Amino acid sequence: MRLKYVLSEVMVGLWRNVTMSIAMIITMAVSLTMLGASGLIYVKVADMKELYFENIEVSIFLETEVTEEQKTAIQTKLDADPLIESVTYVDKEKAYELFEDMFRDSPDLLSAIKPEVLPESYRLKLVNPQEYQAIGEQYANIEGIDQVVDKSTVLDKIFNLFTAGQNIALVAAIAMAVAALLLVANTIQVAAYSKRREVAVMKLVGASNWFIQAPFVLEAVVAGLIGSVLGLGALVGLKVFLFDGALSTLQGLFAPVSWGEVLLTFPVMAAVGGAISAITAWVTLRFYLRV
């Protein structure tokens, strides 16, 4: 009987303050969507870093007038270096083949460049790709070496951009969470005030605080859970229309977002939405019931 009463009061409370309930649900949905999106961004950036680092190569370009003795000394040092997994020597002909493949859509550029213009190089695969800076510092000043080049400079800029996106999404999620907390607290206060006489009678007849608080707390929890469902729907829409739609041509550059990852955000969003709503409602009612 008590459970039936509590549940009926939850539905009545949501309907009685329908506009504020809708506003609370929408605010919670937006904040949880931002939270879920920022979580996915963190996971995807970590996956992208691992993917790019696995495929990163360090190229050591030789000087035009490098001697055979210098090349032999460089090759010997590279073969003995514990940081290097494998070494591939690229002569002028092979460099020109790679150049042709890279700029096959620019015939004017290809006709202007001859094989003898391109430098010889060594392409290095590192044991730990994140130690590329050590390779640059170690080989930059060796005789016969013109420059040490890796993709990390460009990748660092890309990852810094993604990190900024992560931080912006996280700050937005926190801001929306604060707004949701204030809205939940205000909604619960309004609901409790509208039932102040009923609450006073229940306290006079000896009803426990938890029995009085339960409908209000569950009302906030239901709103939080509905908001998490809407947030999941928003993330599904982002995957379908953004990641699998507009950004589908960039799948080779960005780590794909799987359905499993999207669905795994729902328990987190539901737990956060329900817990935040319940705690906010309980704390608000604790102050109200002391009046």
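Using the UniProt record's numbering, you'd call the opening residue of the sequence shown number 1 and step up by one each time. Glycine included, C-beta positions come from ideal geometry on N, C-alpha and C. Being a predicted model, the structure only gives us computed values, none of them experimental.
query, result
"Measuring only the C-alpha atoms, how far is Met1 from Leu218?", "Caution applies to Met1, whose pLDDT of 42 falls short of 50 and renders its modelled position unreliable; the value that the coordinates give is listed next. Those two C-alpha atoms are separated by around 16 Å."
"Which residues in the same chain as Val257 place their Cβ atom closer than 7 Å to its Cβ, once the five residues preceding and following it in sequence are excluded?", "Leu40, Lys44, Lys239, Phe243"
"Grouping DSSP H, G and I as helix and E and B as strand, with all else coil, what is Lys114?", "coil"
"Tell me whether the segment 77-97 and the segment 114-122 touch, counting them as touching only if at least three CB pairs, one residue from each stretch, are closer than 8 Å.", "yes"
"Look up Ile60 in the DSSP assignment and give the residues it is bridged to.", "Tyr122, Val148"
"Alpha carbon to alpha carbon, what distance is there between Met176 and Val30?", "7 Å"
"Using only the alpha-carbon positions, how far apart do Met102 and Thr265 sit?", "40 Å"
"Can you look up Ile142 in the DSSP assignment and give me helix, strand or coil?", "coil"
"Would you tell me roughly how many angstroms separate the C-alpha atoms of Ser277 and Thr163, rounded to the nearest one?", "29 Å"
"Ile113 to Arg104, Cα distance in whole Å?", "12 Å"
"Count the other CB atoms, across all protein chains shown, that sit within 10 Å of the CB of Val291; report buried if there are 16 or more and exposed otherwise.", "Model confidence at Val291 stands at a pLDDT of 43, short of 50, so the residue's coordinates are unreliable and nothing is read from them."
"Suppose you measure from the CA of Gln70 to the CA of Lys77; what does that come to, to the nearest Å?", "11 Å"
"Quick one, are the C-beta atoms of Pro129 and Ile60 less than 8 Å apart?", "no"
"Is the segment 72-87 touching the segment 157-172, taking contact as three or more C-beta pairs under 8 Å?", "no"
"Please say whether Leu32 and Leu227 have beta carbons closer to each other than 8 Å?", "It should be noted that the sequence gives Gly, not Leu, for residue 227. Yes. Within cutoff."
"When burial is assigned at 16 or more other CB atoms within 10 Å of the CB, is Val148 buried or exposed?", "buried"
"Suppose you measure from the CA of Val283 to the CA of Glu131; what does that come to, to the nearest Å?", "51 Å"
"Is it buried or exposed, residue 292, if we count other Cβ atoms within 10 angstroms and call 16 or more buried?", "Residue coverage of the chain in this structure runs from 1 to 291, which leaves residue 292 outside it and unanswerable."
"Three-state secondary structure (DSSP) at Glu65?", "coil"
"Of all the options Tyr52, Ile168, Ala173, Ala180, which has the alpha carbon lying nearest to the alpha carbon of residue 298?", "Nothing can be reported for residue 298, as the shown portion of the chain is limited to 1 through 291."
"Let me check understanding here. Comparing Cα to Cα, which of Asp146, Gln189, Glu100, Ala80 lies closest to Leu285?", "Gln189"
"Does DSSP put Ser31 in a helix, a strand or coil?", "helix"
"What separation, rounded to the nearest whole angstrom, lies between the Cα atoms of Ile279 and Gln166?", "27 Å"
"Can you tell me whether Val90 is helix, strand or coil according to DSSP?", "strand"
"Expressed to the nearest angstrom, what Euclidean distance is found between the alpha-carbon atoms of Val268 and Tyr52?", "28 Å"
"Who are the near neighbours of Ile26 in its chain, counting only those whose CB is closer than 8 Å to its CB and skipping five residues on each side?", "Gly227, Leu230"
"If we ignore side chains and look at the alpha-carbon of each, how far apart do Val272 and Gly224 end up?", "8 Å"
"Whose C-beta lies closer than 6 Å to the C-beta of Thr88 among residues of the same chain, with five residues either side of it excluded?", "Arg123"
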